[in-house]
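Peer 1: Below you'll find the structure I mean.
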Amino acid sequence: MKAIRLSLYQDLVNYKKPMSFQLKETYPLPPYSTIIGMVHNACKFEEYKEMDISVQGKYFSKVNDLYTRYEFKNGMKYDKTRHQIKAGDYGVTRGISTQELLVDVELIIHIVPKDENLIDIIYNSLKEPWEYLSLGRREDIVTIEEVKIVDFEEVEYQKSQRYDFGYFAYVPYEKKDDFKYIKNIQNIEVEGTIFTINKNYQLVNYGTKAKPKIFRKWKKIKVKYAEIRNASRRKEILVDNDGYILFLV
Amino acid sequence: MNEYLAKSKPRETIQEHTDNLVKNFKILKEIYPNLNINWDILYWAVIYHDLGKMNLKFQSKLKGKRISGEIPHGILSLAFIDYEKLEDEEYSEEDIRVLFHAVAYHHDRKFDFSEDELIDEISLMEKEVDNFYYDKIPDLIINEEIEADYFYKNDRIFLNENKEGLFFKYTLIKGLLNRLDYAASAYIPVERKNDFLVEGMEKLGFIWNDLQKFMLKNQSENLIVVAQTGMGKTEGGLLWIGDNKGFFILPLKTAINAIYDRVVQIIGNGVEEKVGLLHSDTYKEYLAREKDEKIGIDDYFKRTKQLSLPLTICTLDQLFDLVYRYPGFEQKLATLSYSKIVIDEIQMYSPDLLAYLIIGLEYINKVGGKFAILTATLPGIIVDLLKESKIEFKMPEKPFIDNELKRHSVKILDNEIDKGIILEKYKKNKVLIICNTVKKAQEIYGELKEYIEKERLNLFHSKYIRKDRGEKEQAILEIGSKNSKEYGIWIATQIVEASLDIDFDILLTELSDLNGLFQRMGRCYRKRNFEGTGYNCYVFCGKGISGVNKVVDKDIHKFSKEALKNIDGFITEENKINMIDKVYSTKSLENTEYYKKLKKSIKYVKSFEDYELTKSETRDRFRNISSWNIIPKTVYDKNIDKIEELMKIIKEKHISREERFKAKLAVLEYTVAIYEYDYYKYNVEGIIELSKYERIYIYNCEYSKELGFKNVEKQEDSINNII
Chain A
0 MKAIRLSLYQ DLVNYKKPMS FQLKETYPLP PYSTIIGMVH NACKFEEYKE MDISVQGKYF
60 SKVNDLYTRY EFKNGMKYDK TRHQIKAGDY GVTRGISTQE LLVDVELIIH IVPKDENLID
120 IIYNSLKEPW EYLSLGRRED IVTIEEVKIV DFEEVEYQKS QRYDFGYFAY VPYEKKDDFK
180 YIKNIQNIEV EGTIFTINKN YQLVNYGTKA KPKIFRKWKK IKVKYAEIRN ASRRKEILVD
240 NDGYILFLV
Chain B
0 MNEYLAKSKP RETIQEHTDN LVKNFKILKE IYPNLNINWD ILYWAVIYHD LGKMNLKFQS
60 KLKGKRISGE IPHGILSLAF IDYEKLEDEE YSEEDIRVLF HAVAYHHDRK FDFSEDELID
120 EISLMEKEVD NFYYDKIPDL IINEEIEADY FYKNDRIFLN ENKEGLFFKY TLIKGLLNRL
180 DYAASAYIPV ERKNDFLVEG MEKLGFIWND LQKFMLKNQS ENLIVVAQTG MGKTEGGLLW
240 IGDNKGFFIL PLKTAINAIY DRVVQIIGNG VEEKVGLLHS DTYKEYLARE KDEKIGIDDY
300 FKRTKQLSLP LTICTLDQLF DLVYRYPGFE QKLATLSYSK IVIDEIQMYS PDLLAYLIIG
360 LEYINKVGGK FAILTATLPG IIVDLLKESK IEFKMPEKPF IDNELKRHSV KILDNEIDKG
420 IILEKYKKNK VLIICNTVKK AQEIYGELKE YIEKERLNLF HSKYIRKDRG EKEQAILEIG
480 SKNSKEYGIW IATQIVEASL DIDFDILLTE LSDLNGLFQR MGRCYRKRNF EGTGYNCYVF
540 CGKGISGVNK VVDKDIHKFS KEALKNIDGF ITEENKINMI DKVYSTKSLE NTEYYKKLKK
600 SIKYVKSFED YELTKSETRD RFRNISSWNI IPKTVYDKNI DKIEELMKII KEKHISREER
660 FKAKLAVLEY TVAIYEYDYY KYNVEGIIEL SKYERIYIYN CEYSKELGFK NVEKQEDSIN
720 NII
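What follows is the structure, encoded as structure tokens:
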């Protein structure tokens, strides 16, 4: 089986958690939907191409910083006593707020399109993108360390296999017992963090045909986020030919 | 073949040391074949536990040259475990994991090495394996890595509600491995069979009473039994233990010493192989009893400390500190898993110690140990808390009491003790006055001094130097003995409440709480009928009584006072038990500070993560008493020559442990322990260092053999000096 593997670096980045406004929080790794979006943009795909993603990596630290926040409400008319910006007839408030930023992020991303024919297209689009790639906010430019087409296969180890990259990963919840995690912090057991992460969406019309009200309905994936210590023996593990494990979703 | 040492003093190879463990393993299995463990796993733990010592850094250390970067040998030993073979032999993965963890943590060390360093060190050992032969594992292998399914760095088995079984399984194997290891290192057998107690009890030739028959009949049950003092609870406890490993837990050292002496009488010869006493002064007590025959004190002491004797009489803190689950607690819990534990005088424990007791029993119950609570008074609150912890036990329908005796006729007085009533009741009787505080006792003594001849008036409390206290104790025992025709007045504090076998004619006491009161009444008309008219116990509940809220909880004091309101005249044992039931029921105590403290303590202890506290941190928390050993300045000045001579012996290097210990004890005879709130820094005039950790302060205070210790109040100029 084939996958496109991306090795990326980003210096200060926010992978925004939905619904965090006062403090714009970040996920510890980019969510699947963000990665899929980046790939689709790079390839100029106009509709969703099914693909499985695996993401792992680490960051050095996390800081909080200010950013400019634009607030507006549906249909709010411009009022010069309260809005700083006039956009057509509408008003926008400009202020500041705080956001979390991950520092020095290293990422390993595997992309496995359902349609194998897309492998080359995606590979080429990432190799020579038509514009800069960004992951996270629009301004979160990525440094591409490597793009590579790799083979991967399912293996069953007879002895537990150490995974010493020091990478954290989103592990699909139903596969969490296939791995062991570095889970002791000062002898206190921590099990890792469970997230439900957006992957792709369908547009669903909640209105009528005449008066459509279209919303995105997200497919959400339950994952465990933790530092991988090793792959357990006697489990089916996906590994590429350079020894990276794939945690495909 | 190379020689790989397990230890250098005395020189012993890994094989020899392991053989010693195997020998002890066989002893343990022979005496307790029904232990709830997988014996094979324990056997493999024994075989593998020290193989990691094969690494050259360890070997070099034994030869006196330390090389940095040594990895704890327990971890290295794991590389030798042939888990694939064990799997083929169909041991469960859980059992193999327990084996790995028991070996890894048989010494609890800090893991300050990286995984790569570990792998390097293991590969270095591969060369050594070829030079190593051990007949018990002829086909020794070494794995390249430690299988992470079973153990990896910082992996731990925790007490977790879903995996409780695993935790206790591990605790037993690890604890027993430690026991075998320490016994082998000390060259003593890990256990001795109890094959003497039943015979010894029969030889007494007693006809057992109802209580004792009940204990005999229910040997295999957990029990809570209420029985009045004098019903032969000690014998009952021993009958219940039978020919099993047993622990007798009592709150006070004096009581422990007394019961020890009694048990020694029952079992006759060979005491040092059969029964031990274990509290902070074990060595001293053994020394004191060594008079006639040499019993090899050091080995006897070791056997006692390692819990390897069939019968041990001890304080709660010697065993129940295991509730904090500090690294190393496993030995105690593992030992208790095949023991029977008798708990006496439960009413003496403060809320925090009760909390330890309840949690301890919960753990012990889970691993298969048995307990019997034998007590004269049983606060209902304890029964409820044990039920709450889902511990099953049996209680006889009725308490064992003897209502025939009419011992106490009680008068409740709504004022405070004064000299008038004392002098009125004295009439050349044996009069015992018990106050709640030392200060009050000293005051009353002062008031009575003018009226009573000096030889007939005595004071006894905890604040005497040990030497004087010992003499006082002897004197009160003499006058308090049944056969003594002497008379006089003794003023005391609650130190006479328990376990002093004394019998006075008249008791005048301040009310502390009901439990304490009935204990105090036990010192008056101990085993005889009161045939006179009027009263023999006077209880003072008035406003001015001392120590309320300080030595006794104020709510409990209030409830006790209420319960006594309508008492006037004879009071039977049944009355007492009913009153206790009422005052100490969960319902009545629910809103008191006492109950809150008890519940809080339970929560507090459980809130600690396993292995979070070290043993010494546990010690600090366990007995929350901070006291200072002081020598009053006047005493010091008077005995300065003697003390200096003793100090010379203590500092002497070439002298036996026994000699030095004796000298230390002799110095301690001049000390009195005072509590934190009595301790003023600026009263300290000097310091004597017995050892790095033991200090005695020479303290500026009033002291006389007559009155005991009295603090000197803060002096103006000394305060100024400090500021």
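Same order as they appear, the protein sequences are chains A and B.
Quick note on numbering that gives the first Met the number 0: the first sequence kicks off at 0 and runs consecutively.
Quick note on numbering that gives the first Met the number 0: the second sequence kicks off at 0 and runs consecutively.
Every residue gets a Cβ at the ideal spot worked out from N, C-alpha and C, and that includes glycine.
All of these numbers come straight from a predicted model, not from anything done at the bench.
#1: If you drop the 5 nearest sequence neighbours on each side, which residues of the same chain put their C-beta closer than 6 angstroms to that of leucine 377 of chain B?
#2: Glutamate 743 of chain B CB to nearest chain A CB: under 8 angstroms?
#3: With three or more beta-carbon pairs closer than 8 angstroms as the criterion, would you say the stretch 212 to 226 of chain A touches the stretch 188 to 195 of chain A?
#4: Got a sec, what are the start and stop residues for the beta strand (DSSP E) isoleucine 343 of chain B sits in?
#5: When burial is assigned at 16 or more other CB atoms within 10 Å of the CB, is lysine 429 of chain B buried or exposed?
#6: If you draw a straight line from the C-alpha of arginine 288 of chain B to the C-alpha of alanine 44 of chain B, how long is it?
#7: Within 8 angstroms of any Cβ in chain B, is that where the Cβ of lysine 179 of chain A sits?
#8: What are the start and end residues of each continuous beta strand (DSSP E) run of 3 or more residues lying completely inside the stretch 458 to 536 of chain B, in chain order?
#9: Tell me the DSSP secondary structure of threonine 617 of chain B in three-state form.
#10: Mind pulling the chain A residues with CB within less than 7 angstroms of aspartate 148 of chain B?
#11: Give the single residue among B:Val263, B:Glu125, B:Asp316, B:Thr228 whose Cα lies nearest to the Cα of leucine 726 of chain B.
#12: Let's test the definition: count the other Cβ atoms within 10 Å of the Cβ of tyrosine 3 of chain B and tell me whether it reaches 16, buried, or not, exposed.
#13: Does the beta-carbon of serine 219 of chain B have 16 or more other beta-carbons within 10 angstroms, so that it is buried, or is it exposed?
#14: Check whether chain B comes within 8 angstroms of arginine 137 of chain A, counting only Cβ atoms and requiring the distance to be less than that.
#15: Please identify, using Cβ separations under 9 angstroms, the residues of the stretch 196 to 215 of chain A that lie next to chain B, in order along the chain.
#16: Applying the 10 Å Cβ sphere with the 16-neighbour rule, what's the burial state of alanine 147 of chain B?
#17: Within this structure, are the beta carbons of glutamate 485 of chain B and isoleucine 478 of chain B separated by less than 8 angstroms?
#18: Could you check where the alpha helix (DSSP H) with methionine 124 of chain B kicks off and where it finishes?
#19: Rounded to whole angstroms, how far is the Cβ of leucine 321 of chain B from the Cβ of leucine 360 of chain B, which I believe are closer than 8 angstroms?
#20: Identify which residue in A:Tyr131, A:Ala2, A:Val12, A:Asn73 has its Cα closest to the Cα of methionine 37 of chain A.
#21: Once the 5 residues before and after asparagine 528 of chain B are set aside, which same chain residues still bring their CB inside 8 angstroms of it?
#22: Classify glutamine 330 of chain B as buried or exposed, calling it buried when 16 or more other Cβ atoms lie within 10 Å of its own Cβ.
#23: Tryptophan 129 of chain A: buried (16+ other C-beta within 10 angstroms of its C-beta) or exposed?
#24: Please go through the same chain and pick out, in chain order, the residues whose beta-carbon is closer than 7 angstroms to the beta-carbon of phenylalanine 214 of chain A, but skip the five residues on each side of it.
#25: Just the chain A side, please: which residues come within less than 8 angstroms of tyrosine 151 of chain B by C-beta, in chain order?
#26: Which residues mark the beginning and the end of the alpha helix (DSSP H) in which cysteine 42 of chain A is found?
#27: Tell me which residue opens and which closes the alpha helix (DSSP H) that alanine 287 of chain B is part of.
#28: According to DSSP, is isoleucine 639 of chain B part of a helix, a strand, or is it coil?
#29: Go through its chain and collect everything with a Cβ distance to isoleucine 121 of chain B's Cβ below 8 angstroms, but skip five positions before and after it.
#30: Taking C-alpha atoms, which residue in B:Ala354, B:Glu509, B:Phe392 lies nearest to leucine 431 of chain B?
#31: Using a Cβ distance threshold of 8 angstroms, determine whether the stretch 25 to 44 of chain B contacts the stretch 58 to 69 of chain B, with at least three qualifying pairs required.
#32: Among residues of its own chain, excluding the 5 on either side of isoleucine 722 of chain B, which ones have a beta-carbon nearer than 8 angstroms to its beta-carbon?
#33: Counting only runs of 3+ residues fully inside the stretch 125 to 168 of chain A, write out the beta strand (DSSP E) ranges in chain order.
#34: Do leucine 689 of chain B and valine 671 of chain B come within 8 angstroms of each other at the CB atom, strictly closer than that value?
#35: In angstroms with no decimal places, state the Cα-to-Cα distance between aspartate 263 of chain A and tyrosine 122 of chain A.
#36: So within the stretch 204 to 231 of chain B, which uninterrupted beta strand (DSSP E) runs reach at least 3 residues, ignoring any that extend past its ends?
Peer 2: Working from what's here:
#1: Excluding residues up to 5 positions away in sequence, Val225 lie with their Cβ nearer than 6 angstroms to the Cβ of leucine 377 of chain B in the same chain.
#2: Shown here, chain B extends from 0 to 722; a query on residue 743 of chain B therefore has no answer.
#3: Yes, they touch.
#4: For the sequence presented, residue 343 of chain B should be read as aspartate rather than isoleucine. That run of the beta strand (DSSP E) goes 339 to 343.
#5: With 16 or more other Cβ atoms within 10 Å, it is buried.
#6: For arginine 288 of chain B and alanine 44 of chain B, the distance between alpha carbons rounds to 39 angstroms.
#7: For lysine 179 of chain A, the answer is yes, since a Cβ of chain B falls inside 8 angstroms of its Cβ.
#8: Along the length of the stretch 458 to 536 of chain B, whole beta strand (DSSP E) runs at least 3 residues long occupy 487 to 491, 505 to 509, reported in chain order.
#9: Helix at threonine 617 of chain B.
#10: Neighbours of aspartate 148 of chain B on chain A, chain order: Ser159, Ser231, Arg232.
#11: Only positions 0 to 722 of chain B appear in the structure, and residue 726 of chain B is not among them; the question remains open.
#12: In the assembly as shown, tyrosine 3 of chain B is a buried residue. Its beta-carbon has 16 or more other beta-carbons within 10 Å.
#13: By the Cβ neighbour-count rule, serine 219 of chain B is exposed, with fewer than 16 other Cβ atoms within 10 Å of its own.
#14: No, because no Cβ of chain B sits closer than 8 angstroms to the Cβ of arginine 137 of chain A.
#15: Taking 9 angstroms as the Cβ-Cβ cut-off against chain B, none of the residues of the stretch 196 to 215 of chain A qualify.
#16: Counting Cβ neighbours within 10 Å, alanine 147 of chain B comes out buried, since at least 16 surround it.
#17: Taking the C-beta atoms as reference points, isoleucine 478 of chain B is found nearer than 8 angstroms to glutamate 485 of chain B.
#18: Unbroken alpha helix (DSSP H) run through methionine 124 of chain B: 114 to 128.
#19: Cβ atoms of leucine 321 of chain B and leucine 360 of chain B stay farther apart than 8 angstroms, at about 11 angstroms.
#20: Residue A:Tyr131 is the option with its Cα nearest to methionine 37 of chain A.
#21: So the list reads Leu404, Lys405, Arg406, once near-sequence residues are dropped.
#22: With at least 16 other beta carbons inside 10 angstroms of its own, glutamine 330 of chain B counts as buried.
#23: By the 10 Å Cβ count, tryptophan 129 of chain A comes out exposed.
#24: Cβ neighbours of phenylalanine 214 of chain A beyond the five flanking positions: Val203, Tyr205.
#25: Those within 8 angstroms of tyrosine 151 of chain B in chain A are Lys179, Arg228, Asn229.
#26: Per DSSP, cysteine 42 of chain A is one residue of the alpha helix (DSSP H) stretching across 31 to 42.
#27: That run of the alpha helix (DSSP H) goes 281 to 287.
#28: In this structure, isoleucine 639 of chain B counts as helix in the three-state DSSP scheme.
#29: Answer for isoleucine 121 of chain B: Leu75, Ala78, Ile141, Asn142, Glu143, Glu144, Ile145, listed in chain order.
#30: The option with the nearest alpha carbon to leucine 431 of chain B is B:Glu509.
#31: Here the stretch 25 to 44 of chain B does not lie against the stretch 58 to 69 of chain B, with fewer than 3 beta-carbon pairs under 8 angstroms apart.
#32: Its pLDDT being 48, under 50, isoleucine 722 of chain B is placed unreliably by the model, and nothing is read from it.
#33: Qualifying beta strand (DSSP E) stretches, in chain order: 142 to 155.
#34: No; because the gap between Cβ atoms is not below 8 angstroms, this pair is not in contact.
#35: The shown model of chain A, from 0 to 248, leaves out residue 263 of chain A, and the question about it has no answer.
#36: Entirely contained in the stretch 204 to 231 of chain B, the beta strand (DSSP E) runs reaching 3 residues are, in chain order, 222 to 225.
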